[in-house]
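**Q** Numbering (the working numbering), first residue to last: 806 to 1265.
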Ligand code: UD1
Ligand code: CA
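#1: To the nearest angstrom, how far is it from the Cα of residue 1084 to the Cα of residue 1174?
#2: Following a CB-centred definition, is residue 964 positioned closer than 7 Å to any heavy atom of ligand 2?
#3: Hey, how far is the Cα of residue 1251 from the Cα of residue 1196?
#4: Who's in the neighbourhood of ligand 2, going by beta-carbon under 5 Å from any heavy atom, listed in chain order?
#5: Are the beta-carbon atoms of residue 857 and residue 811 separated by less than 8 Å?
#6: Taking only runs that begin and end inside the region 1211 to 1262, name each unbroken beta strand (DSSP E) of 3 or more residues, in chain order.
#7: Is the distance from the Cβ of residue 1275 to the Cβ of residue 1151 below 8 Å?
#8: As an exercise, report each continuous beta strand (DSSP E) stretch of at least 3 residues that is fully enclosed by the region 886 to 910, in chain order.
#9: Give, in chain order, every unbroken run of the beta strand (DSSP E) that is at least 3 residues long and sits entirely within the region 1132 to 1187.
#10: Alpha carbon to alpha carbon, how far is residue 1104 from residue 1120? Give it in angstroms, no decimals.
#11: Say the cut is 7 Å; is the CB of residue 828 nearer than that to a heavy atom of ligand 1?
#12: In the DSSP output, what is residue 984 paired with across the bridge?
#13: Note down the Cα distance separating residue 877 from residue 941, rounded to an integer number of angstroms.
#14: Does chain C have any CB closer than 8 Å to the CB of residue 890?
#15: Using CA atoms only, rank isn't needed, just tell me which of 1176, 1186, 1169 is closest to residue 1145.
#16: Is residue 1182 near ligand 1, in the sense that its beta carbon is under 7 Å from a heavy atom of that ligand?
#17: With a Cβ-Cβ cutoff of 8 Å, do residue 978 and residue 1008 count as a contact?
#18: With DSSP collapsed to three states, give me the class of residue 1042.
#19: According to DSSP, is residue 844 helix, strand or coil?
#20: Cβ of residue 781 versus every heavy atom of ligand 1: is any distance shorter than 7 Å?
#21: Quick one: is the Cβ of residue 815 within less than 7 Å of any heavy atom of ligand 1?
#22: Rounded to whole angstroms, what is the Cα-Cα separation between residue 1060 and residue 966?
#23: Tell me the DSSP secondary structure of residue 1089 in three-state form.
#24: Considering only heavy atoms of ligand 1, does any lie closer than 7 Å to the CB of residue 1017?
#25: Starting from the Cα of residue 832, find the closest Cα among 1045, 934, 1108, 970 and give me that residue.
#26: Would you kindly report the start and end of the unbroken alpha helix (DSSP H) that includes residue 821?
#27: So, is residue 808 buried or exposed, given that buried needs 16 or more other C-beta atoms within 10 angstroms?
#28: For ligand 1, I want to know if residue 865 counts as a neighbour, meaning its beta carbon is within less than 7 Å of at least one of the ligand's heavy atoms.
#29: Count the CB pairs spanning the region 924 to 938 and the region 1000 to 1019 that are closer than 8 Å, and state whether there are at least three.
#30: Taking just the CA atoms, how far does residue 1162 sit from residue 1116?
#31: Would you identify the three-state DSSP class for residue 913, choosing helix, strand or coil?
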């Protein structure tokens, strides 16, 4: 899109969210809502993007820092028209079209952006406004057309309290527009303040264009679900539902089984291989990849992790910042904390916690174990109740268990400590010194059997 400047309106507080965070940073499936809008613009090759920030501007700017946008500060925030008045001087002189989008209408597709721009280019209108038809226009600005069907005005609900005819209109303004930049430069300062709300409305540019004898076009977009504004928690939940459905349908179309797509929460950056089966109440978040033929049972949360093919995660497990090799299985009720790496065919059973540890091929830790800051060699068997005592109250220390070692149940490995290749630890040991390869270590009190002395008068 050459000579186009996109202006994102993101300065408002979002009073109806009842929040101490700026509205555009509220998250949908783990990402700030405005990030989706920026992605859609970038997917269409939009190079010049200006974000208007105001309420908690530093926070919004920090969240958008990775995207390389330009920022304009609107202070105080006196309405959408005022926001564009503040932004326009920052558009380069060669800009011919200004596309305005609302930071709180974030799910607009690249295709809808294209369609709006195309119509605007073809018609040569001063303003092209995107509209949708709803069963009920709710709180949205109403699109008023004249007898010939031409758009005459967009009227805010608050300014139409005594106009049931206007409130009855079902075609509403989505808040996305293309403007002829020359017309904006000429006429934007003519906007006046609404006597009802004290705000300067961008929507008044439509009536203004008509008064200037300029053309106004409206593009009625059928994709209404993705073009609704988010002003309240209810609308945030609604948008989350819409996006979730969009994402889940794409995964199903690509060969993933979701047993109940309405109860499956998959973030926008997640990839999943075909023939993977996902049970209900699974959450996949952040930068996560799941291989082919995996099985994720109910109540599983996986964040920023990578699972190879054929991995099974059983019910109730939590996996964060970890890598799992092919054919491994985890859970039920297991926890992998950041920095865990499970190589192929590792088995992690119930109530096992792993942190910042590498478990080589075929390691088995079936029950009630904590492995932290450890390197566990191939084929090691970790008995029930084994604990790496990795923290001395000041520092963390490493435990190394070499290939093929056998760790008896209820062993405490007091780090730093190394158990050599093929060594064997007797159950119930507290291991404080290195165990050489191939040796047996037992470190526990010896069992004694005592006979109670007979008390006088006690039965035999
Ligand atoms: C706005 C439109 C309405 C439309 C609806 C679509 C106006 C007057 N009304 O209403 O016709 O149907 O969007 O969702 O334009 N903002 C600023 N600075 C300001 C005020 C707002 O940057 O001074 C930003 C907000 O952060 C938000 C966007 O503009 O992202 C829209 O503002 P909001 O107050 O939500 O407008 P609506 O009442 O939803
Ligand atoms: Ca809004």
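Here a beta-carbon is modelled for each residue, glycine too, at the ideal position from N, C-alpha and C. Just so we're clear, the structure is a prediction, and the values are computed from it rather than from any experiment.
**A** Answer, in terms of the structure:
#1: Counting from one through the chain shown, the residue named residue 1084 turns up at place 279. Counting from one through the chain shown, the residue named residue 1174 turns up at place 369. Going from the Cα of residue 1084 to the Cα of residue 1174 covers about 26 Å.
#2: Counting from 1 along the chain shown, the entry for residue 964 is found at position 159. The answer is no for residue 964.
#3: Stepping through the chain shown from its first residue, residue 1251 is reached at position 446. Stepping through the chain shown from its first residue, residue 1196 is reached at position 391. Cα to Cα, the separation comes out at about 27 Å.
#4: 909, 1034, 1036
#5: Working through the chain shown from its first residue, we reach residue 857 at position 52. Working through the chain shown from its first residue, we reach residue 811 at position 6. Their beta carbons are not under 8 Å apart, which means residue 857 does not touch residue 811 by this criterion.
#6: 1217 to 1219, 1222 to 1224
#7: Because the chain is modelled from 806 through 1265, residue 1275 falls outside the range shown and cannot be assessed.
#8: 902 to 907
#9: 1152 to 1160, 1169 to 1177, 1179 to 1181
#10: Locating residue 1120 in the chain shown gives position 315, counting from the first residue. Locating residue 1104 in the chain shown gives position 299, counting from the first residue. Rounded to whole angstroms, residue 1120 to residue 1104 spans 6 Å at the Cα level.
#11: As a position in the chain shown, residue 828 is number 23, starting the count at 1. Correct: residue 828 has its Cβ closer than 7 Å to ligand 1.
#12: Locating residue 984 in the chain shown gives position 179, where the first residue counts as 1. In the DSSP output, where bridge partners are listed per residue, residue 984 has 903, 932.
#13: As a working note, residue 877 is residue 72 in the chain shown. As a working note, residue 941 is residue 136 in the chain shown. Distance between the alpha carbons of residue 877 and residue 941: 35 Å.
#14: Going by chain labels, chain C is absent from the structure shown, which holds only one protein chain.
#15: Walking along the chain shown from the start, residue 1145 turns up at place 340. It is 1176.
#16: The residue given as residue 1182 occupies position 377 in the chain shown. No, the Cβ of residue 1182 stays beyond 7 Å of every heavy atom of ligand 1.
#17: Counted from its first residue, the chain shown places residue 978 at position 173. Counted from its first residue, the chain shown places residue 1008 at position 203. Against a cut-off of 8 Å, the Cβ pair of residue 1008 and residue 978 comes out as a contact.
#18: In the chain shown, counting from the first residue as 1, residue 1042 sits at position 237. Note: residue 1042 maps to helix in three-state DSSP.
#19: Residue mapping note: residue 844 aligns to position 39 of the chain shown, counting from 1. Three-state DSSP puts residue 844 in a helix.
#20: For the chain, the structure presents residues 806 to 1265; residue 781 sits outside this window and is missing.
#21: Residue mapping note: residue 815 aligns to position 10 of the chain shown, counting from 1. Indeed, a heavy atom of ligand 1 lies less than 7 Å from the Cβ.
#22: The residue labelled residue 1060 in the question sits at position 255 within the chain shown. The residue labelled residue 966 in the question sits at position 161 within the chain shown. Their Cα atoms are separated by approximately 51 Å.
#23: Working through the chain shown from its first residue, we reach residue 1089 at position 284. Strand at residue 1089.
#24: Taking the first residue of the chain shown as 1, we reach residue 1017 at position 212. The answer is no for residue 1017.
#25: Position 27 of the chain shown, counted from the first residue, corresponds to residue 832. Comparing Cα-Cα distances from residue 832 to each of 1045, 934, 1108, 970, the minimum goes to 1045.
#26: Counted from its first residue, the chain shown places residue 821 at position 16. Taken as a continuous stretch (DSSP letters only), residue 821 belongs to no alpha helix (DSSP H), as it is neither H nor E.
#27: Taking the first residue of the chain shown as position 1, residue 808 is located at position 3. Label assigned to residue 808: exposed.
#28: Position 60 of the chain shown holds residue 865. For ligand 1, not one heavy atom lies less than 7 Å from the Cβ of residue 865.
#29: yes
#30: Residue mapping note: residue 1116 aligns to position 311 of the chain shown, counting from 1. Residue mapping note: residue 1162 aligns to position 357 of the chain shown, counting from 1. Approximately 18 Å, taken between the alpha carbons.
#31: The residue given as residue 913 occupies position 108 in the chain shown. Reduced to three states, the DSSP call for residue 913 is coil.
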